[in-house]
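Undergrad:
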Amino acid sequence: MGRLDGKVALVTGAARGIGRSIAASMAAEGARVLLTDILDLEGDAAATEIRVQGGQALYVSHDVTTEQGWRRALEAANDEFGGLDVLVNNAGLFLGKPLAETSVADMNRLLAVNVVGLMLGSKLALPFLAARASRWDGGGAIVNLSSVAGLIGASFQTVYSMTKGAVRLFSKSLAMECADLKLNIRVNSIHPGVIDTDMAAEVVRGQMEARAMDAEKVQRFMVGGHPLGRLGRPRDIADAAVFLASAESSFMTGTELVVDGGMTAR
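Under numbering that gives the first Met the number 0, the first residue of the sequence shown carries the number 0, and numbering increases by one thereafter.
(1) Mark residue 191 as exposed unless 16 or more other C-beta atoms lie within 10 angstroms of its C-beta, in which case mark it buried.
(2) In angstroms, rounded to a whole number, what distance separates the CA positions of residue 276 and residue 43?
(3) So, for residue 76: in the same chain, excluding its five sequence neighbours on each side, which residues have a beta-carbon less than 8 angstroms away from its beta-carbon?
(4) So if DSSP puts residue 55 in a beta bridge, which residue, or which two residues, is it bridged to?
(5) According to DSSP, simplified to helix, strand and coil, what is residue 185?
(6) To the nearest angstrom, how far is the alpha carbon of residue 70 from that of residue 258?
(7) Compute the Euclidean distance between the alpha carbons of residue 219 and residue 229, then round it to the nearest angstrom.
(8) Please report the distance separating the alpha-carbon of residue 66 from that of residue 72.
(9) Would you report the Cα separation of residue 111 and residue 64, rounded to the nearest angstrom?
(10) Tell me which residue opens and which closes the alpha helix (DSSP H) that residue 66 is part of.
(11) Under 8 angstroms, with one C-beta from each stretch per pair, do the stretch 170–178 and the stretch 149–159 reach the 3-pair mark?
(12) Which residue marks the beginning of the alpha helix (DSSP H) containing residue 174, and which one marks its end?
(13) List the DSSP bridge partners of residue 255.
(14) Decide yes or no for the touch test of the stretch 87–97 against the stretch 137–150: beta carbon pairs closer than 8 angstroms, at least 3 of them.
(15) Is it buried or exposed for residue 215, if we count other Cβ within 10 angstroms and need 16 for buried?
(16) Taking the C-alpha atoms as reference points, what is the distance between residue 264 and residue 79?
(17) Residues in its own chain within less than 6 angstroms of residue 242 by CB, not counting five upstream and five downstream?
(18) Tell me the residue span of the alpha helix (DSSP H) that contains residue 143.
(19) In this structure, what does DSSP give as the bridge partners for residue 11?
(20) Can you tell me where the alpha helix (DSSP H) with residue 243 in it begins and where it stops?
(21) Roughly how many angstroms lie between the CA atoms of residue 115 and residue 13, to the nearest whole one?
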């Protein structure tokens with residue numbers, strides 16, 4: 000038996016990287032998974048790969064910044080899989096710039112995806128999650144992807160850090176609200192270190208420009224920031240997401256799960 004047998008999960012930003020790994024891991028543990036993204040070719044391919052491996056998955060194009068987009072995605076989960084038990088707010092954007100070079104338009108673009116999208120999805124998913132929460136030990140689950148940049152300061156990532164810090168406290172506050180309303184929905188956040196994905200490549204490019212360093216030096220600098228001596232892998236975060244979606248974490252809500260190779264322990 001899988002750890003998520005019978006559950007329905009919606010994973011945003013699931014076309015590649017961390018989101019794709021989370022969707023695949025949840026499907027492998029028995030969940031029926033709705034993958035959403037705006038990268039339709041990659042998203043379709045990710046869902047097809049899960050089905051080829053014996054899992055149940057569907058891809059839906061989804062702009063997380065709009066209420067209409069969220070309603071379509073949640074209705075798809077309900078119509079195709081019978082409801083929703085797990086919401087993974089993974090979709091996100093990175094920006095690596097000195098603050099002096101950061102525009103209001105830059106900030107609004109990150110806020111729209113990293114904060115507004117997560118708020119909309121959580122708000123609109125609550126009735127779907129609550130409707131099936133009594134079926135599970137631990138009830139429904141919302142898993143929000145933050146970052147170590149939401150815990151500690153990071154040069155040349157001021158606006159990105161601002162959005163990820165917002166995710167951290169949003170998650171804690173919503174966890175308390177769900178508990179006070181007795182919705183039987185747990186809300187937790189994951190805080191990855193630097194994970195070897197396309198977004199990590201954006202981090203490298205941003206650091207190269209801001210620090211006037213070549214790619215090799217930036218890579219050594221980034222790896223050196225993790226006491227375990229390597230960048231994270233998408234599966235490292237997927238394993239944490241499966242744990243937070245499963246009954247194994249049934250007494251956890253409002254917490255932050257740091258998966259950073261020791262970066263923030265210094």
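The beta carbon of each residue, even a glycine, is placed where N, CA and C say it ideally should be. Owing to the predicted nature of the structure, the values given are computational and were not obtained by experimental measurement.
TA: Reading from the atomic positions:
(1) Around the C-beta of residue 191, 16 or more other C-beta atoms lie within 10 Å, and the residue is accordingly described as buried.
(2) As displayed, the chain neither begins before 0 nor continues past 265, which places residue 276 out of reach and without an answer.
(3) Shown here for residue 76: same chain residues with a beta carbon closer than 8 angstroms to its own, the five before and five after excluded, namely 7, 9, 33, 82, 83, 127 in chain order.
(4) Answer by DSSP bridge pairing, in chain order: 31.
(5) Secondary structure at residue 185: strand, using DSSP grouped into helix, strand and coil.
(6) Spanning the two alpha carbons is a distance of roughly 31 angstroms.
(7) Using only the alpha carbons, I get a separation of about 10 angstroms.
(8) Answer to the nearest angstrom: the Cα atoms are 10 angstroms apart.
(9) Spanning the alpha carbons of residue 111 and residue 64 requires a straight line of approximately 6 angstroms.
(10) Run containing residue 66: 66–80, per the alpha helix (DSSP H) assignment.
(11) No, they do not touch.
(12) Membership of residue 174 in the alpha helix (DSSP H) is indicated by the continuous run 157–179.
(13) Residue pairing from DSSP places residue 255 in a beta bridge opposite 188.
(14) In short, these stretches touch, since the Cβ pair count reaches three.
(15) Classification for residue 215: exposed.
(16) Whole-angstrom Cα-Cα distance: 43 angstroms.
(17) Answer for residue 242: 248, listed in chain order.
(18) It is not in any alpha helix (DSSP H) - residue 143 instead sits in the beta strand (DSSP E) that spans 139–144.
(19) DSSP output for residue 11 lists 35 as bridge partner(s).
(20) From DSSP, the alpha helix (DSSP H) with residue 243 extends over 233–244.
(21) Taking the straight line joining both Cα atoms gives about 18 angstroms.
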